[in-house]
Structures are given as C-alpha cells and as structure tokens.
Amino acid sequence: MSLLHRPLFLMLLLFQLAMLLLLIFIDDKILFFISATALILVGIPHGAVDVLHRQHTRFNKLTVFLAVYISVILLYALLWYGWSVLALLLFMAISVLHFGETVFESKQWYHLKPLLWGLLFILIPVTIHMDEAFAIFADMMSMPSIANVQTTFYALSGLLLMVHLVHVFKTEQGKAFVFLLLQWGLLILWFWFTPLLEGFLMAFVVWHALPSLFQQKEVYERSDTANSVVFWLTMLVYTFFAAALLALLAYFFELTPAFLFVLLSLITLPHALVIHNTMPDA
Numbered sequence: 000m001s002l003l004h005r006p007l008f009l010m011l012l013l014f015q016l017a018m019l020l021l022l023i024f025i026d027d028k029i030l031f032f033i034s035a036t037a038l039i040l041v042g043i044p045h046g047a048v049d050v051l052h053r054q055h056t057r058f059n060k061l062t063v064f065l066a067v068y069i070s071v072i073l074l075y076a077l078l079w080y081g082w083s084v085l086a087l088l089l090f091m092a093i094s095v096l097h098f099g100e101t102v103f104e105s106k107q108w109y110h111l112k113p114l115l116w117g118l119l120f121i122l123i124p125v126t127i128h129m130d131e132a133f134a135i136f137a138d139m140m141s142m143p144s145i146a147n148v149q150t151t152f153y154a155l156s157g158l159l160l161m162v163h164l165v166h167v168f169k170t171e172q173g174k175a176f177v178f179l180l181l182q183w184g185l186l187i188l189w190f191w192f193t194p195l196l197e198g199f200l201m202a203f204v205v206w207h208a209l210p211s212l213f214q215q216k217e218v219y220e221r222s223d224t225a226n227s228v229v230f231w232l233t234m235l236v237y238t239f240f241a242a243a244l245l246a247l248l249a250y251f252f253e254l255t256p257a258f259l260f261v262l263l264s265l266i267t268l269p270h271a272l273v274i275h276n277t278m279p280d281a
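If you read the sequence shown in numbering that gives the first Met the number 0, its first letter stands for residue 0, the second for the next number, and so on.
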C-alpha cells in the first residue's frame with residue numbers, strides 16, 4: 000500500500016506543518032540540534048535493522064551478509080577516492096530511486112510516480128539553495144564551484160512537479176492527490192525557510208526514515224522468525240555501533256557538510272539495495 004493511502008501520511012503532514020510554525024520561535028542553532036537529534040533517533044535506526052532483512056537477499060548468514068554489506072561500503076569509498084564525479088552521480092541516482100520507492104512502496108522503480116517523487120525530493124532543495132548545494136557538491140568532488148544555473152533548475156523543478164502532480168491526479172484517488180499537493184507545498188516552504196543541511200536532514204527523517212522504519216517493521220513481522228523484541232533490540236544495538244563510529248569520525252575529522260553527505264552515501268548504497276528487495280513487485 001502506498002504511503003499516500005496510509006494514516007501515517009496525514010500525521011507526517013501535520014508534523015511538517017508544526018515544524019514550519021516552530022521556525023518562528025527557534026534559530027538555526029536550535030534547528031541544527033533538532034535535526035541532528037532526529038537523525039540519531041530515527042535516521043540512523045531506520046538503516047540499523049537491515050540485517051533483519053537479509054533473508055530477502057542471497058546472503059542469509061549473518062557473517063556473510065555483514066561481510067558483503069561492509070565490502071559494498073568500502074568499494075564505494077574507493078569510487079569516491081578515484082572517480083568522485085561518478086560516485087556523486089551514483090549517490091544521486093540511488094537516492095532518487097530509494098526515496099521514491101519508499102513512498103509508493105513498489106519495486107518497479109521505473110514507474111513515473113516514484114521516479115518523479117524521488118527526483119523532486121532531491122531537486123527542490125538543491126534548486127532553492129543552489130549556491131550552497133553546488134559548493135557542497137564541488138567540495139565532495141574536490142572541484143571548483145560550478146557556475147550558478149538557478150533559473151534552469153527552477154524551470155526544471157517546476158516542470159517535473161507539474162508532470163508529477165498531473166500523473167498522480169490521473170492515477171490516484173482525489174484525497175491522495177490533495178495530500179500530495181499539501182506535502183509538496185509544505186516541503187517547498189520548509190526548504191525555503193531553512194538552511195540546506197538542517198532542512199534536508201529533517202525532511203529526510205520525516206518523509207523517508209520514519210515511514211521506512213514502519214514499513215521495515217511490517218516486512219519483518221511477516222517473516223517466520225518475527226519477534227518485536229528482536230526487532231527493537233537489533234535496531235538499538237546497530238544504532239549504538241553506528242553512533243559510536245560517527246563519534247569516532249568526529250574526533251579525527253571535521254564533519255563538514257560534504258564529509259557528512261559522502262558518509263551518508265556510503266551507507267545509503269547497501270541499505271537501498273537491501274530495502275529494494277523487501278518491496279512488493281507492484
């Protein structure tokens with residue numbers, strides 16, 4: 000069932016509206032604290048239970064699964080080291096496909112609705128914060144900053160948003176279309192009034208990590224070995240190790256936005272491959 004048809008979608012809309020209203024009373028430092036806390040409490044945990052979905056992959060044994068999972072991360076890190084432009088393009092493509100299929104809950108990533116949703120989720124904040132976003136991309140690729148092409152990005156974002164909404168209007172129920180329209184309206188306002196990093200982290204948690212965590216729990220509960228205690232305990236244990244690794248990296252390196260996004264990409268690739276296998280075929 001698409002997230003659009005779940006009660007959770009309405010709850011997320013209300014939460015997004017509350018966060019927008021909260022911006023009136025808080026400054027950027029408090030927003031950074033809130034977004035960082037949300038990332039630790041929800042963002043990291045939503046990827047910490049990947050091991051429970053290993054039966055959906057070819058690597059059912061825990062040791063083999065972890066070895067392959069870590070190997071994918073290390074190989075991707077080598078790609079960043081040697082061919083950073085290609086690594087960035089791969090990160091964008093994986094993010095678009097992963098974010099879109101989470102909302103529409105379909106393994107068929109090439110369907111227009113999830114593809115456009117994922118693309119817009121990346122494109123809109125980049126368009127609104129063009130200079131900052133391209134500076135981060137340039138830092139990630141160790142290249143000079145790219146010239147401002149904001150007008151082109153505004154036009155592309157607007158065109159894709161229109162196509163996306165028209166397609167949803169033709170294929171979904173009326174209420175789902177209205178909810179999606181509200182979602183994009185709130186998200187555009189959110190990105191407009193927040194800094195890029197804090198705004199994107201919070202949107203990532205609200206519109207991806209949180210619904211993904213609920214979906215993963217549902218997938219796990221359908222398995223033969225389902226145990227809610229095991230699910231939450233696994234999430235806590237792997238979240239602890241992930242947070243400890245992040246703290247260790249913070250001790251040795253400066254956690255710049257570019258460094259954080261590269262780190263996010265390394266985790267996203269194996270996570271997205273695992274979650275893709277848990278999605279229904281249609």
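Where is the CB? At the ideal position from N, CA and C, for every residue including glycine.
Counting along the chain, where does the alpha helix (DSSP H) carrying H97 start and finish?
-> If you number the sequence shown from 1, residue 97 lands on position 98. Here the alpha helix (DSSP H) through H97 covers 83-103.
Whole-angstrom distance between L30 and L77, CA atom to CA atom | As a position in the sequence shown, residue 77 is number 78, starting the count at 1. As a position in the sequence shown, residue 30 is number 31, starting the count at 1. Between the alpha carbons of L77 and L30 lies a gap of roughly 33 Å.
Compare the C-alpha of M129 against each of M10, H270, W191, K28 and name the closest.
-> As a first step, residue 129 is located in the sequence shown; it is residue number 130 there, counting from the start. For the residues M10, H270, W191, K28, the minimum Cα distance to M129 belongs to W191.
Should F152 and L115 be called a contact, given that it needs their Cβ atoms to be closer than 9 Å?
-> Start at 1 with the first residue of the sequence shown, and residue 152 comes out as number 153. Start at 1 with the first residue of the sequence shown, and residue 115 comes out as number 116. Against a cut-off of 9 Å, the Cβ pair of L115 and F152 comes out as no contact.
Which residues in the same chain have their Cβ closer than 6 Å to the Cβ of Y75, if we skip the five residues on either side of it in sequence?
-> Walking along the sequence shown from the start, residue 75 turns up at place 76. Result list for Y75: L265, L268, in chain order.
Residue span of the alpha helix (DSSP H) that contains D138, given as start and end = In the sequence shown, counting from the first residue as 1, residue 138 sits at position 139. Boundaries of the alpha helix (DSSP H) harbouring D138: 129-140, taken from the DSSP string.
Alpha carbon to alpha carbon, what distance is there between T170 and F252?
-> By one-based count along the sequence shown, residue 252 stands at place 253. By one-based count along the sequence shown, residue 170 stands at place 171. Cα to Cα, the separation comes out at about 48 Å.
Do you know whose CA, among P279, A271, F260, lies nearest A134's CA?
-> To locate residue 134, count along the sequence shown from 1; it is residue 135. The residue with the shortest Cα to Cα distance from A134 is F260.
Select from S1, L16, H4, A37 the residue whose C-alpha is nearest the C-alpha of W183.
-> In the sequence shown, the residue the question calls residue 183 occupies position 184. For the residues S1, L16, H4, A37, the minimum Cα distance to W183 belongs to L16.
Assign I29 to one of three DSSP states: helix, strand, or coil.
-> Walking along the sequence shown from the start, residue 29 turns up at place 30. Of the three classes helix, strand and coil, the one that applies to I29 here is helix, per DSSP.
To the nearest angstrom, how far is it from the Cα of W82 to the Cα of I72?
-> Taking the first residue of the sequence shown as position 1, residue 82 is located at position 83. Taking the first residue of the sequence shown as position 1, residue 72 is located at position 73. Taking the straight line joining both Cα atoms gives about 15 Å.
Take V125 and list the residues in its own chain whose beta-carbon comes closer than 6 Å to its own, dropping the five residues that flank it on each side.
-> One-based indexing of the sequence shown puts residue 125 at position 126. Cβ within range, chain order: A132.
Specify, as a first and last residue, the run of the alpha helix (DSSP H) that G42 falls within.
-> For the purposes of this step, residue 42 is taken as residue 43 along the sequence shown, with counting starting at 1. Looking at the DSSP string, G42 is not in any alpha helix (DSSP H), and its letter there is neither H nor E.
Which listed residue (A241, V236, A86) has its alpha carbon closest to that of A137 | Within the sequence shown, the letter at position 138 stands for residue 137. For A137, the nearest C-alpha among the options comes from A86.
Report the rounded CA-to-CA distance for F32 versus G157, giving the unit in angstroms.
-> Within the sequence shown, the letter at position 33 stands for residue 32. Within the sequence shown, the letter at position 158 stands for residue 157. The alpha-carbon atoms of F32 and G157 are separated by roughly 31 Å.
Is the Cβ-Cβ distance between L196 and P256 less than 9 Å?
-> Walking along the sequence shown from the start, residue 196 turns up at place 197. Walking along the sequence shown from the start, residue 256 turns up at place 257. Taking 9 Å as the Cβ cut-off, L196 and P256 qualify as a contacting pair.
In the structure shown, what three-state DSSP assignment does I69 receive?
-> Here residue 69 refers to the residue found at position 70 of the sequence shown. In this structure, I69 counts as helix in the three-state DSSP scheme.
Decide if Y250 is buried, meaning its Cβ has at least 16 other Cβ atoms within 10 Å, or exposed.
-> Along the sequence shown, read from residue 1 onward, the residue named residue 250 stands at position 251. Y250 comes out exposed.
Identify, in the order they occur along the chain, each residue of the same chain with its Cβ nearer than 7 Å to the Cβ of L51, setting aside the five sequence neighbours on each side.
-> Within the sequence shown, the letter at position 52 stands for residue 51. Closer than 7 Å at Cβ, skipping near neighbours: Y219, F230, T233.
Cβ of A242 within 9 Å of Cβ of I69?
-> Numbered from its first residue, the sequence shown carries residue 242 at position 243. Numbered from its first residue, the sequence shown carries residue 69 at position 70. Contact flag unset, no.
May I ask you to report which of helix, strand or coil DSSP gives I23?
-> To locate residue 23, count along the sequence shown from 1; it is residue 24. In the structure shown, I23 sits in coil (DSSP, three-state: anything other than H, G, I, E or B).
Coarse secondary structure for F14, derived from DSSP in three states = As a working mapping, residue 14 is identified with position 15 in the sequence shown. F14: helix per DSSP, three-state reduction.
Kindly list the residues whose CB is nearer than 6 Å to the CB of L209, restricted to its own chain and excluding five residues on each side of it in sequence; keep chain order.
-> Residue mapping note: residue 209 aligns to position 210 of the sequence shown, counting from 1. Closer than 6 Å at the Cβ level, and outside the excluded window around L209, lie V41.
Please state whether DSSP places R221 in a helix, a strand or coil.
-> If you number the sequence shown from 1, residue 221 lands on position 222. Correct three-state label for R221: coil.
Does the Cβ of V48 have 16 or more other Cβ atoms within 10 Å, making it buried, or fewer, making it exposed?
-> Start at 1 with the first residue of the sequence shown, and residue 48 comes out as number 49. It is buried - the Cβ of V48 has at least 16 other Cβ atoms within 10 Å.
Spatially closest choice to F240 from R5, S34, G46, by CA coordinates | In the sequence shown, counting from the first residue as 1, residue 240 sits at position 241. It is G46.
Give the straight-line distance between the Cα atoms of M10 and S211, rounded to the nearest whole angstrom.
-> As a first step, residue 10 must be located in the sequence shown, where it is residue number 11. As a first step, residue 211 must be located in the sequence shown, where it is residue number 212. Approximately 14 Å between the Cα atoms of the pair.
Between L19 and L188, which are expected to be in contact by the criterion C-beta below 8 Å, what is the C-beta distance as a whole number of angstroms?
-> Numbered from its first residue, the sequence shown carries residue 19 at position 20. Numbered from its first residue, the sequence shown carries residue 188 at position 189. About 6 Å; that satisfies the 8 Å criterion.
Those runs of the alpha helix (DSSP H) which lie wholly inside the segment 199-269 and span at least 4 residues = 209-220, 227-251
Backbone CA spacing between L248 and L254 [nearest angstrom] = Position 249 of the sequence shown holds residue 248. Position 255 of the sequence shown holds residue 254. Rounded to the nearest angstrom, the two C-alpha atoms are 8 Å apart.
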